[in-house]
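Q: Respectively, the protein sequence lines represent chains A and B.
Just so you know, we're using this note's numbering here: the first sequence kicks off at 7 and counts up by one.
Just so you know, we're using this note's numbering here: the second sequence kicks off at 1000 and counts up by one.
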Amino acid sequence: MRVNGTAVTTPDPARRLLDFLRDDLGLIGAKEGCGMGECGACTVLVDGDPVCSCLVLVGQVAATDVVTVEGIGDDHRLHPVQEAFVDHYASQCGFCTPGVVVSVAGLLAKNPRPAEADVREALEGNLCRCTGYQAIFRAVASVAE
Amino acid sequence: MVIGDVDAPTLTRSVGRAMPARDAVDVATGALEFLTDKTLPDMVHGKIVRVDIPHGRLVGLDTTAARAMPGVVAVLTASDVPRNIQGVVVPDRPVLIDGRIRQLGDPVALVAAETLAEAEAAAAAVSVELEPLPAVSDPQLALDPESPRLHQGGNLLMELHHERGDVETALANAAVVVDEVFHTQAQEHVCLEPGGGVGVYTNGLFTIWIGTQYPGGTQQDVSWALGVEPDDVRIISTPMGGAFGAKVDGPVAIFLALLAKATERPVRIVLTREEVMNTGTKRHPFRVHTRLGLDAEGGIVAVATDALVDAGPYASFSPAVLKVSGETSTGPYRTETASFRGRAVYTNNGNGGGFRGYGVPQVAFAIETAILEGARRLGLDAVEVKRRNMLRPGDPHGLYGHIVGPSFRATEALDAIVGHPWWRDREEWKQQASGPWLRGTGIGAALKGCGYGSGRGDHAGARLAIGTDGSITIWAGPNHSGTGVDAAYAQVAADTLGRPYEDIDIRVGDTELVPESGSSAASRSLYVGGSAVMTACRELMARIDELGLEAPIDWAEAGRRLAEAGRALVEATFVAPDVEDLGPLSAADVERYSPHRVYGSAVQVARIEINRYTGEIAVRGVACAVDCGVAVNPAGVIGQTEGGIIQGLGWALMEDFKYEDGVPQTKSLETYLIPTAGDIPELDTILVESEEESGPFGAKGIAEVVLVPTAPAIVAAIHDATGVTVDRLPASPEAVYRLMRESAA
């Protein structure tokens, strides 16, 4: 399995991917908001698809490419989605933001010019309680243009 | 769009410019460490042992097996708590249960172990023997003398009563009297971060990292329960993953302190979503009996409100919530005659507590919907009735008669909304409805006070240090609870000092460094805390003036000279002014009712579609005109407004925390539904500006009032589309469909 481009091994295939990322690899960007796949705060990309890492065991993704919010940009530069989130005030408390950023980056990789309906569909699995979502839509629209 | 009497600030100023939150980059990259992410060397994991009945007695507790489990470091019960009682307003809640159980999820023991899995296993091994009692689940029945008493003083937690003028005579002489009962439901905050933190005990000192809106209150809670001095407890409380009132009180900091002391190791507790859903505070369910009297022209002649409030098992902030309900029960309207009777009642349901809006949404839904009905009976337009009665600066307040401050702009907010295309073009839009969809448009209005209210000594502090390199650091409160208020503090400081925004370093959320500043609640953070920052900056400027430096100021030199004189550290306190003209109120009334000098207001238009065959409602647009004083950070005001509207939309249409005999039925995000990206209408925010003389650069607090008009506006839109009046929230498809069926029959 590769995480953010680096090959990693895990001794315990029955471990939740979320726990492996947070506790073993120290990648705390993915958050646990519900533990049952409802809130999307733990979203990561598995081979490019957004997945709730609280619902996946490490053994299920053994031969995949996993990308977390920490791997969306690079060391020197924010990903355009991250930049847009800052410029468009698209976060408030910020707890949902890593998962939202990952979902949006996953969408844009497949569909660089999504319609607003596509954005809404892509984000239906990411709950945000602070922003009312419109600032997020504005941020995504600015990147998609 | 900005409407108002404030000059547009030039870009040389910070105030008036849209600023991202100061942690926005770290948030977007995932680098920001929340306090539940925190890990310390040698840390153990805490778990809370909870009961699974809503009412009863703890008759047996055996921790022997749990203590023998692998990895277990400590197991604590009530006898390990030095002072086993807590409660910010009324101390009525044991830290750990030693007898009476009043809520499903009440804690009976704490476990700490080397790993979380070991802590969970040990918690499950604690043997608990319970004697169930019948749940008290109906607030009306709770007042029956035959009902079980949940607390020694009985089930009536608080009663508040006030009458201005002779309500019964005024109602008897009214052209129409709307006499209706309205019901509202419990709402859960659903902070995305469920809550928790890390505690450490070293050398007799506690350090607790926990997201709390009220660090000073949490410090008091811990010091009281542990029997130590407040100075021995340091609370570090930022960042926090959502708050909305959920994190203004609660026992977890005490649990962390108890376990940290017992284990002498760092300890972390992270609550599960289910724990928060079961035991966290909720927006209070209300039963509101409203009697509204109107004259033939639609003038309000009297408002009588009787509110029965389900406070749940413990007091939390219910008494304060009830006061705010009373104060806003007449809405943003003039009347010379009004009464309010409110009763908050203990039950075994969800624990009513602070929730954005703080008792206003429930009574606003009642008065706004009553006006809708009264206008219908008189053959008048409801919006015209609202405009005719709208409270203006200098008017006596409807219930208390004290004078409303000069920055109040509800009328201008209403005008802005009446001029909005979604209202102006509503008939044309309605005609374009097609298929099963009916269309309707409605307006709601609300006010809410900024700050704790008069007679409360509402104050905040700021500590400013100028470095010998000229750098500025300000420790300010209230805390950043997700609002980004620290950016606005920096804007206020930058403009008071005449320096660039980037020069100002703001620190919040640490009781060791930030002077006591109260809670980030009550629409007070920027209003009170920003004023304290401004006061500290002005004091620094006065000290620099005394140095007689030539302009432009050499800040490094100023810093060096002030340091040499021992004057480089400034501490300032701002006390929010009380109501200036009390009208008929006495000093004792001020203490009893805490009326406000400064109010913010908001008016919204909602346009909706309703499926005539299913009752499904799709909200298509909500525009909000917000009476915000000067918008120090317009991005912050718009962000608060949009987020508030969507929480109000959730409460209006879908959110409903249900209990059956005190047992929570909606304890996960699978069954408790909040708005998702698919539910979001178009939103439009209009800033209606004025200068509030007591606020920093003219600012007021608005983060609560923006939530309030949404439900009444949606209910008015449902009425416009279908002719039915919703008197019970949420307006679920089933409920609206049933009303439409009844109305057709």
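All C-beta atoms, glycine included, are put in the ideal place defined by N, C-alpha and C.
Just so we're clear, the structure is a prediction, and the values are computed from it rather than from any experiment.
Hey, out of Val1071(B), Gly1353(B), Ser1324(B) and Asp1468(B), whose CA is closest to Thr1211(B)'s CA?
A: Among Val1071(B), Gly1353(B), Ser1324(B) and Asp1468(B), the Cα nearest to that of Thr1211(B) is on Gly1353(B).
Q: Consider the Cβ of Val107(A): report whether some Cβ of chain B lies at a distance smaller than 8 Å.
A: Taking Cβ atoms only, chain B reaches closer than 8 Å to Val107(A), which makes this a yes.
Q: Span of the beta strand (DSSP E) holding His1718(B)?
A: First-last for His1718(B): Thr1709 to Thr1721, but that is the alpha helix (DSSP H), not the beta strand (DSSP E).
Q: If the criterion is Cβ atoms closer than 8 Å, does the pair Glu1691(B) and Ala1702(B) meet it?
A: No.
Q: So Ile142(A) is in the alpha helix (DSSP H); what residue range does that whole segment cover?
A: Run containing Ile142(A): Gln140 to Ala150, per the alpha helix (DSSP H) assignment.
Q: Would you report the Cα separation of Gly1397(B) and Thr1334(B), rounded to the nearest angstrom?
A: Going by the C-alpha atoms only, they are around 5 Å apart.
Q: In chain A, which residues lie with their C-beta within 7 Å of the C-beta of Glu1641(B)?
A: Simply Thr137, Gly138, Gln140 and Ala141.
Q: For the beta strand (DSSP E) containing Cys58(A), list its first residue and its last residue.
A: Element bounds for Cys58(A): Asp55 to Cys58.
Q: Taking Cβ positions only, does Val1197(B) come closer than 8 Å to chain A?
A: Closer than 8 Å: no.
Q: Return the residues of the stretch 47–81 of chain A that lie within a Cβ-Cβ distance of less than 9 Å from chain B, sorted by chain order.
A: So the close ones are Ala47, Thr74, Val75, Glu76, Ile78 and Gly79.
Q: Does any C-beta atom of chain A lie closer than 8 Å to the C-beta of Gly1034(B)?
A: In the sequence as presented, Gly is not what sits at residue 1034(B); that position holds Leu. Chain A contact via Cβ: absent.
Q: Count the other CB atoms, across all protein chains shown, that sit within 10 Å of the CB of Glu1545(B); report buried if there are 16 or more and exposed otherwise.
A: With fewer than 16 other Cβ atoms within 10 Å, it is exposed.
Q: Could you tell me whether the Cβ atoms of Ile1473(B) and Ala1492(B) are closer together than 8 Å?
A: In this structure, Ala1492(B) lies closer than 8 Å to Ile1473(B) by Cβ.
Q: Comparing the C-beta of Ala1485(B) with each C-beta of chain A, is any distance below 8 Å?
A: Reading the sequence as shown, one finds Asp at residue 1485(B) and not Ala. Asp1485(B) does not count as touching chain A.
Q: Where does Pro1008(B) fall in DSSP's three states?
A: With a pLDDT of 48 at Pro1008(B), under the threshold of 50, the modelled position of this residue cannot be trusted, and the question is left open.
Q: Where Gly1628(B) and Tyr1526(B) are concerned, what is the direct C-alpha to C-alpha distance, given to the nearest angstrom?
A: So the two alpha carbons sit approximately 10 Å from each other.
Q: Give a yes or no on contact between the stretch 1306–1324 of chain B and the stretch 1277–1286 of chain B, applying the rule of three or more CB pairs nearer than 8 Å.
A: Yes, the stretch 1306–1324 of chain B is in contact with the stretch 1277–1286 of chain B.
Q: Does the count of Cβ pairs from the stretch 1704–1721 of chain B and the stretch 1596–1603 of chain B closer than 8 Å reach three?
A: They touch, by the three-pair rule.
Q: Can you round the beta-carbon distance between Ser1516(B) and Ala1575(B) to whole angstroms, since I take them to be within the 8 Å contact cut?
A: Not confirmed; about 11 Å, so no contact.
Q: With distances taken between CB atoms, is the gap from Ala1295(B) to Leu1377(B) smaller than 8 Å?
A: Yes, the Cβ-Cβ distance between Ala1295(B) and Leu1377(B) is below 8 Å.
Q: Does chain B have any CB closer than 8 Å to the CB of Gly112(A)?
A: For Gly112(A), the answer is no, since every Cβ of chain B falls outside 8 Å of its Cβ.
Q: Classify Gly987(B) as buried or exposed, calling it buried when 16 or more other Cβ atoms lie within 10 Å of its own Cβ.
A: The shown model of chain B, from 1000 to 1744, leaves out residue 987(B), and the question about it has no answer.
Q: Assign Ala1007(B) to one of two classes, buried (16 or more other C-beta atoms within 10 Å of its C-beta) or exposed (fewer than that).
A: For Ala1007(B), the predicted structure reports a pLDDT of 49, less than 50, and the residue's modelled location is therefore unreliable. A value from the coordinates is still provided. Flag for Ala1007(B) reads exposed.
Q: In the DSSP assignment, find the alpha helix (DSSP H) that holds Pro1106(B) and state where it starts and stops.
A: Premise fails: Pro1106(B) lies in the beta strand (DSSP E), Pro1106 to Ala1112, not in any alpha helix (DSSP H).
Q: Around the C-beta of Tyr1612(B), are 16 or more other C-beta atoms found within 10 angstroms, so that it is buried, or is it exposed?
A: Tyr1612(B) comes out exposed.
Q: Within 10 angstroms of the Cβ of Ala1256(B), are there 16 or more other Cβ atoms? Answer buried if so, exposed if not.
A: Ala1256(B) should be labelled buried.
Q: Leu1652(B) to Gly1450(B), Cα distance in whole Å?
A: Between Leu1652(B) and Gly1450(B), the C-alpha separation is close to 29 Å.
Q: What is the residue span of the beta strand (DSSP E) that Arg1506(B) lies within?
A: Residues Ile1503 to Arg1506.
Q: Going by beta carbon distance, what residues of the same chain come within less than 6 Å of Trp1750(B), once the five residues before and after it are set aside?
A: In the structure as shown, chain B begins at 1000 and stops at 1744. Residue 1750(B) is therefore absent and cannot be evaluated.
Q: Quick one: what's got a C-beta closer than 7 Å to Gly1454(B)'s C-beta in the same chain, skipping five residues either side?
A: Excluding residues within five positions, the ones whose Cβ falls inside 7 Å are Asp1577, Val1589, Glu1590 and Ser1593.
Q: Would you say Leu1039(B) reaches chain A, if we count a Cβ-Cβ gap shorter than 8 Å as a contact?
A: Closer than 8 Å: no.
Q: To test your reading of the DSSP string, which unbroken beta strand (DSSP E) runs of 3 or more residues are found completely within the stretch 1089–1170 of chain B?
A: Fully enclosed beta strand (DSSP E) runs of 3 or longer: 1106–1112, 1126–1131 and 1155–1163.
Q: DSSP puts Ala1234(B) in a beta bridge; with which residues?
A: Before going further, note that residue 1234(B) is Ile rather than Ala in the sequence given. DSSP lists Ile1207(B) as partners of Ile1234(B).
Q: For Asp1655(B), would you say it is in contact with chain A, using Cβ-to-Cβ distances shorter than 8 Å as the test?
A: It does not: the Cβ of Asp1655(B) has no partner Cβ on chain A nearer than 8 Å.
Q: Work out the CA separation of Ile1402(B) and Glu1670(B) for me, nearest whole Å.
A: Looking at the sequence provided, one finds Thr at residue 1670(B) rather than Glu. For Thr1670(B) and Ile1402(B), the distance between alpha carbons rounds to 45 Å.
Q: Please give the ranges of any beta strand (DSSP E) in the stretch 1557–1645 of chain B, keeping only runs that are unbroken, at least 3 residues long and fully inside the region.
A: As far as the stretch 1557–1645 of chain B is concerned, its whole beta strand (DSSP E) runs of at least 3 residues are 1568–1574, 1598–1610 and 1616–1626.
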